[in-house]
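*Asks:* In my numbering, the protein residues as written are 1316 to 1370. Note that beta-carbon positions come from the ideal geometry of N, C-alpha and C, so glycine has one too. Before I ask anything, let me first share the structure, which is written out below as structure tokens.
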């Protein structure tokens, strides 16, 4: 079974180092980008759990 990896979303700050905003846990970078875009846009996020996953 695969384990989700943490992906940190950063906000660029001109003249300084980027500031971390939040962390998304996802299985792929594509999934992380989609979830982060939805979160920033304020949309409802529905993520399907892999087969056999429990809460």
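1. Let me know the secondary structure DSSP gives residue 1346 once reduced to three states.
2. Helix, strand or coil for residue 1356? Go by DSSP, reduced to three states.
3. Out of 1318, 1335 and 1324, state which residue places its alpha-carbon closest to the alpha-carbon of residue 1349.
4. Along the chain, where does the beta strand (DSSP E) that runs through residue 1329 open and close?
5. For residue 1322 and residue 1334, I'd like the C-alpha separation in whole angstroms.
*Replies:* Walking through what the data contain:
1. helix
2. helix
3. When only C-alpha atoms are compared, the closest one is 1324.
4. Premise fails: residue 1329 is in no beta strand (DSSP E) and is neither H nor E.
5. 14 Å
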